[in-house]
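FYI, the numbering used here numbers position 124 of the sequence shown as 126, with every residue one higher than the one before it. To start, the structure itself, in structure tokens.
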Amino acid sequence: MQDRYDVAVLGGGLAGLSVALQLKRTRPETTVFVAEKRKGPAPEAAFKVGESTLEIGAHYFGRVLGLQDHIESDQLPKMGVRFFLPAGDNGDITKRAEYGPPFRPQLPTYQLDRGRFENELAARVLRAGADLRDGCVVQDVELGEDGHRVAFTRDGEEGSVTARWLIGATGRASLLRRKFGLERETPHDINSAWFRLAGGMDIEDWSDDAEWLGRMKEPRLRWLSTNHLMDAGYWVWLIPLSSGSISIGIVADPSLHPYERFETLEGAFDWLREHEPQLAAQLEGRRDQIEDYLKVRHYSHGTKRIFSPERWCLTGDAGAFLDPLFSPGSDFIGICNSLITDLVTTDLDGEPIEERAEFSNDFYLRYFETWLSHYQDLYPLFGNPFATSLFFSWYRAAYFPIPVLLFYEDRLANPDFLRHVKDELDRFMVLVPRVQTLLRDWHALERRSVEGVLIKPVEPVPMMQWIGELMGSHDPSTPQLDDETLRAAVAERLQLLEAIAVVFFHEASSYLDVPVDDDAVVNPYAVSLRPDDWERDGLFGGEGMTVADAQALTEGMQARLEELRAAAPAVA
């Protein structure tokens with residue numbers, strides 16, 4: 003062990019190991035110390051939650067960190083996200099509307115056994131030349147102009163190292179966030195409990211209905227999805243693991259499902275019998291196969307700062323966490339670690355980082371708040387399959403065309419390029435929460451029950467074309483787009499999102515007593531279902547697009563909305 007390092011990473015879990023490996027791959031001469039309190043390798047199956055990846059996280063682990071070989075040989079492919087919406091008492095999965103692909107997704111994602119994956123990460127961090135110490139418990143840190151001191155205990159002995167940079171990756175406990183007084187509550191309050199079940203579970207064993215089984219283009223695709231069982235105020239995840247176990251978790255809004263109902267295993271089983279009886283029936287007789295039971299209150303949390311010009315950063319749960327729905331945790335690790343790597347390598351190469359650190363901090367926290375708007379006050383919508391399907395479609399529309407494209411093109415964590423497209427990204431970060439508010443108000447106006455069908459995304463034709471094009475950006479052999487071409491692509495995709503906002507507004511406004519003409523010019527950044535606010539917000543008559551033009555840009559979207567309504571009878 004050296005006395006001095008370029009970087010000290012506090013915490014050797016997923017986020018800490020990933021940033022250590024990324025730093026060594028980007029700038030091999032960087033000296034990196036990693037302190038991990040756990041002694042020895044992580045156990046498989048019954049380890050940490052967060053096993054499912056989205057497209058950004060999958061690209062980060064596979065391509066950016068170079069773990070594609072391990073992922074493809076030792077982890078499971080993920081067949082997209084799949085949602086089963088409520089129907090009756092939720093006792094028959096074939097009666098529940100299903101939102102998910104009937105085929106293999108175009109872009110790769112994975113189900114990760116966290117213990118197996120973190121052990122592989124640790125091995126590669128060591129091979130890359132980092133100094134990884136297990137059984138190393140950080141006691142305190144002290145910032146200094148010439149270096150930051152880290153005090154720890156290991157094998158009963160006290161020790162310390164000095165590092166130019168500190169990276170806090172100690173999870174929700176977050177030593178740095180607490181020490182620097184950075185705790186920040188989010189307005190999104192959810193609770194969760196989960197367990198791992200040995201022997202796995204295949205959701206397609208729940209029914210022998212030939213029509214339901216035949217919806218998939220290939221047999222037995224559903225079990226590899228991240229399956230969600232949903233109803234008003236909650237969802238339950240089912241995630242298969244390569245070790246043969248399955249991860250099962252409850253996530254609930256406490257205003258509708260008090261935490262006390264499922265804070266114990268017995269309580270969770272009682273809760274499942276009431277709300278998800280088909281899953282509960284599958285679990286009966288398998289108590290001896292339950293490998294763990296874990297829980298957390300107030301899952302979502304924020305932070306006042308994530309990157310500091312004083313040469314420290316936070317990553318993973320040590321910084322901010324949104325919600326497990328859609329599994330965004332790995333995405334944020336990938337974006338955050340890439341911004342950290344940019345700052346550290348810029349500084350170690352002798353360049354100033356003060357302005358860069360402030361820009362990165364502002365961008366990341368605004369990006370976090372933008373995605374937080376997806377989740378705030380969302381859970382009550384899950385009892386309305388019609389509104390929920392619209393929300394899923396908007397989430398896809400906001401996620402793929404701009405964030406995924408920019409990350410695949412290695413620009414979502416590039417401050418120089420982010421400055422170049424600041425105007426477009428600022429508009430994006432205003433538009434996303436605006437439409438989320440519109441969708442929540444739409445839920446109150448139009449309640450429809452959708453049962454026994456496979457719901458396709460309500461999205462325009464260009465969206466599907468662009469998702470296909472992203473495959474090229476995911477391929478490391480494909481040359482990157484130049485900055486101007488990429489900026490033009492962002493502007494084009496932003497215009498499509500604006501058009502979707504106008505179409506959604508026009509559709510939902512039909513339930514108001516204020517008709518909106520197809521020739522009206524609508525400002526997508528002022529859409530709402532509250533007529534008293536329209537004049538103040540500048541909804542009509544200024545910049546924007548006509549409803550007719552928006553419908554033309556979103557080719558095919560109108561027909562999809564009409565199909566969904568036809569399949570969904572109104573609820574009194």
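Here a beta-carbon is modelled for each residue, glycine too, at the ideal position from N, C-alpha and C.
Whose CA, out of the options, lies closest to the CA of residue i?
| i | options | result |
| --- | --- | --- |
| GLN141 | HIS150, LEU134, PHE154, GLY149 | PHE154 |
| TYR397 | VAL518, HIS376, ARG413 | HIS376 |
| THR372 | GLY251, TYR401, GLU357, GLN280 | TYR401 |
| GLU461 | ARG449, GLY158, ILE169, GLU564 | GLU564 |
| LEU488 | VAL406, GLY543, THR164 | VAL406 |
| ALA44 | TYR295, GLY14, TYR261 | GLY14 |
| LYS112 | GLN70, PRO517, GLY131, PRO30 | For the record, residue 112 in the displayed sequence is Tyr; it is not Lys. Here the closest residue by C-alpha is GLN70. |
| ASP575 | ASP191, GLU356, LYS181 | Absent from the structure is residue 575, since the part of the chain shown begins at 3 and ends at 574. |
| ASN416 | SER340, ARG532, PHE393, PHE105 | SER340 |
| LYS306 | LEU19, GLY82, LYS181, GLU486 | LYS181 |
| GLY42 | PHE507, TRP314, LEU134, GLY68 | LEU134 |
| ALA510 | VAL492, GLU494, VAL524, SER530 | SER530 |
| SER310 | ILE169, LEU215, GLU262, SER176 | ILE169 |
| TRP208 | ALA490, ALA283, GLY68, ARG156 | ALA283 |
| LEU243 | THR96, ASP115, ALA552, LYS424 | ASP115 |
| HIS476 | VAL36, VAL66, ASP5 | VAL66 |
So who's on the other strand from residue i, going by DSSP bridges?
| i | result |
| --- | --- |
| ASN1 | Coverage of the chain is limited to positions 3 through 574, which leaves residue 1 absent and any answer about it impossible. |
| TRP468 | For TRP468, which the question treats as bridged, DSSP gives no partner whatsoever. |
| ALA446 | Paired residue(s): none; ALA446 is not in a bridge. |
| ALA572 | ARG450 |
| PRO533 | Paired residue(s): none; PRO533 is not in a bridge. |
| ARG135 | ALA37 |
| PHE154 | VAL140, GLY161 |
| ARG84 | ASN229 |
| GLY170 | LEU12, LEU316 |
| ARG129 | Looking at the DSSP assignment, ARG129 forms no beta bridge with any residue, so it has no partner. |
| THR305 | GLU185 |
| VAL437 | Looking at the DSSP assignment, VAL437 forms no beta bridge with any residue, so it has no partner. |
Looking only at its chain, what residues have a beta carbon closer than 6 Å to the beta carbon of residue i, apart from the 5 residues adjacent to it on each side?
| i | result |
| --- | --- |
| CYS338 | THR317 |
| LEU231 | PHE86, VAL238, GLU278 |
| ASN386 | HIS445, ARG449 |
| GLU2 | As displayed, the chain neither begins before 3 nor continues past 574, which places residue 2 out of reach and without an answer. |
| VAL516 | PRO533 |
| ARG186 | GLY304, THR305, LYS306 |
| ALA528 | ASP539, GLY540, LEU541 |
So, with DSSP's three-state summary, where would you put residue i?
| i | result |
| --- | --- |
| SER395 | helix |
| GLN70 | helix |
| PRO79 | strand |
| GLN141 | strand |
| MET547 | strand |
| GLN497 | helix |
| LYS181 | helix |
| ALA2 | Lying before the first or after the last residue shown, residue 2 is absent from the chain, which here runs from 3 to 574. |
| PRO330 | coil |
| MET232 | strand |
| ASP290 | helix |
| HIS1 | Here the chain comprises residues numbered 3 to 574, so residue 1 is not present and cannot be evaluated. |
| SER310 | strand |
| LEU420 | helix |
| GLU564 | helix |
| GLN482 | coil |
| LEU316 | strand |
| HIS190 | coil |
| GLN553 | helix |
| GLN108 | coil |
Keeping to the same chain, check which residues put their C-beta closer than 8 Å to that of residue i; ignore five residues upstream and five downstream.
| i | result |
| --- | --- |
| ASP484 | none |
| GLU557 | PRO462, VAL463, PRO464 |
| PHE542 | ALA522, VAL523, VAL524, ASN525, TRP536 |
| PRO326 | VAL51, GLY52, SER194, TRP239, GLY251, VAL253, TYR301 |
| THR32 | ASP8, VAL9, LEU25, LYS26, VAL346, THR347, LEU350 |
| VAL143 | LEU12, HIS150, ARG151, VAL152, ALA153, LEU168, LEU177, LEU178, LYS181 |
| ARG299 | ASN193, TYR261 |
| TYR236 | ILE252, VAL253, ALA254, ASP255, LEU258, HIS259, HIS277, TYR381, PHE384 |
| ASP294 | ALA48, PHE197, ARG198 |
Return the chain-ordered list of same chain residues with a C-beta closer than 7 Å to the C-beta of residue i, the five sequence neighbours on each side being excluded.
| i | result |
| --- | --- |
| ALA569 | VAL452, VAL455 |
| GLU265 | ALA195, LYS297 |
| GLN482 | GLU411, ASP412 |
| LEU374 | THR188, HIS190, LEU324 |
| GLU545 | ASN525 |
Closer than 8 Å: is that where the CB of residue i sits relative to any heavy atom of the ligand FMN?
| i | result |
| --- | --- |
| ASP157 | As for the ligand FMN, it is missing from this structure, which has no ligand bound. |
I'd like to know whether the C-beta of residue i is nearer than 9 Å to at least one C-beta of chain B.
| i | result |
| --- | --- |
| ALA554 | Protein chains in the displayed structure number just one, and chain B is not present. |
Note to self: Quick check for students: name the residue ranges of the alpha helix (DSSP H) that lie wholly in the region 3 to 77, counting only runs of 4 or more.
What the structure shows: Taking 4 residues as the shortest admissible run, the region 3 to 77 contains the following complete alpha helix (DSSP H) segments, listed from N- to C-terminal end: 16 to 28, 57 to 61, 70 to 76.
Checklist line | 3-residue-minimum beta strand (DSSP E) runs that sit fully inside the region 221 to 278, ordered along the chain | finding: Whole beta strand (DSSP E) segments, 3+ residues: 228 to 233, 236 to 242, 248 to 254.
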